[in-house]
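Those protein sequences? They're chains A and B, same order as listed.
Quick note: the first sequence uses this note's numbering, first residue 4, plus one each step.
Quick note: the second sequence uses this note's numbering, first residue 4, plus one each step.
Positions of the beta carbon are idealized from the N, C-alpha and C atoms, including for glycine.
One structure below.
2 protein chains.
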Amino acid sequence: MFKLDPRIEKDSIFVKELPLCQLRLQNDSRYPWFVLLPRVNELTEVHQLSEHEQMQLMKESALVSKALTATTQCKKINVANLGNVVAQLHWHVVARFEHDQTWPGPIWGIGASIAWQDQKRAEFIDSFLENLSQLSQFK
Amino acid sequence: MFKLDPRIEKDSIFVKELPLCQLRLQNDSRYPWFVLLPRVNELTEVHQLSEHEQMQLMKESALVSKALTATTQCKKINVANLGNVVAQLHWHVVARFEHDQTWPGPIWGIGASIAWQDQKRAEFIDSFLENLSQLSQFK
């Protein structure tokens, strides 16, 4: 059974199960920021996934990136696996804007997160999922 | 014809052509740090690549990650496409250590790079390419 790291569980909100990954929204309204968690246990590196899983992660990352771009009209998507703090394999997909707090630097580990307001978060997720469903077979 | 961004050209050293990407070593001895550049022009986002190119990028990233891990015995691999400063699509593969300058934070935009010494760089690349060739068909 897939186990979620307690810190990831605390810092993010469940959105949807994709074929390989659990998709979660980071609870930080400074950035529209998703985390994809492959439902495999004990792995820490992308290259430890099977080749098939690596391809599937890339597909899901591209799909989330496209839907996030359509939703936010962002300037740039940042994708990354860092995992220096939380070991569980997780993949960031983040919408960046020239007016965001840390542009053009990376977002991780800088400043304090600002939780989403419930109404704004619900509207954002609804809009994102509508774009995702138009782009994908994951309806 | 594939064009390299002048800043990437200045800050990194050619290592090898892979099937999709030009592989370059960032000239910053603080981190064993490769940059993969898909030989496509005008694109800035991973999800703008064709599906086949996305899969090939993932394969080459995994291969470089494995060879870099074998070469350095690093604690963690960081992979990312940020591209907030240099627009040309480029993919980072970085070996991280608990004793490195910015651990556990990200490496980008912090402190000044320290150029590799020629002899150490040549030894590092030789060792990396030996591991790469043992792992791959790119001999």
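Practice task
Kindly say whether A:Gln25, judged by its beta-carbon, lies nearer than 9 angstroms to any beta-carbon of chain B.
Solution key: no
Exercise for the section: Return the chain-ordered list of same chain residues with a C-beta closer than 7 angstroms to the C-beta of A:Ser68, the five sequence neighbours on each side being excluded. Expected result: Once the five neighbours on either side are set aside, the close Cβ partners of A:Ser68 are Ile80, Val82, Val96.
Exercise for the section: Would you please verify whether the beta carbon of A:Gln57 is less than 9 angstroms from any beta carbon of chain B? Expected result: With 9 angstroms as the cut-off, A:Gln57 counts as an interface residue toward chain B.
Problem - Rounded separation between A:Ser139 and A:Leu85 - CA only - result: 27 angstroms
Handout entry: Cβ pair count under 8 angstroms reaching 3, the stretch 27–34 of chain A against the stretch 12–19 of chain A
Key = yes
Practice task
For B:His50, decide whether its Cβ has a neighbour in chain A, counting only Cβ atoms nearer than 9 angstroms.
Solution key: yes
Practice task
Would you give the residue range spanned by the beta strand (DSSP E) that A:Ser15 belongs to?
Solution key: Segment 15–20, the beta strand (DSSP E) holding A:Ser15.
Exercise for the section: State the DSSP-derived secondary structure class of B:His95, mapped to helix, strand or coil. Expected result: strand
Exercise for the section: My understanding is that B:His93 touches B:Val38, with C-beta atoms under 8 angstroms, so please give their C-beta distance in whole angstroms. Expected result: With 8 angstroms as the limit, B:His93 and B:Val38 qualify as a contact, their Cβ atoms being about 5 angstroms apart.
Handout entry: Whole-Å CB distance - A:Ile117 paired with A:Arg33, under 8 angstroms assumed
Key = So it is a contact: roughly 5 angstroms between Cβ atoms.
Exercise for the section: Identify whether A:Gln51 lies in helix, strand or coil by the three-state DSSP scheme. Expected result: helix
Handout entry: Proximity of B:Arg124 and B:Ile110 at Cβ, strictly below 9 angstroms
Key = no
Practice task
Can you tell me which of B:Ser136, B:His55, B:Thr72 puts its alpha carbon nearest to the alpha carbon of B:Pro35?
Solution key: B:Thr72
Problem - B:Asn84 beta carbon near the ligand MG (any heavy atom closer than 8 angstroms) - result: Of ligands this structure carries none, so the ligand MG is not represented either.
Practice task
Determine the closest residue to A:Glu126 out of A:Val88, A:Thr75, A:Glu101, A:Gln104, with distance taken between C-alpha atoms.
Solution key: With distances taken between Cα atoms, A:Glu126 lies closest to A:Thr75.
Problem - Supposed close pair B:Asp8, B:Gln91 - CB separation, criterion 8 angstroms - result: 4 angstroms
Problem - Pairwise C-alpha distance: A:Leu52 and B:Asn134 - result: 19 angstroms
Problem - Which of helix, strand or coil DSSP assigns to B:Leu40 - result: The answer is strand: DSSP assigns B:Leu40 an E or B state.
Exercise for the section: Starting from A:Ile110, trace the beta strand (DSSP E) both ways and give me its first and last residue. Expected result: Premise fails: A:Ile110 is in no beta strand (DSSP E) and is neither H nor E.
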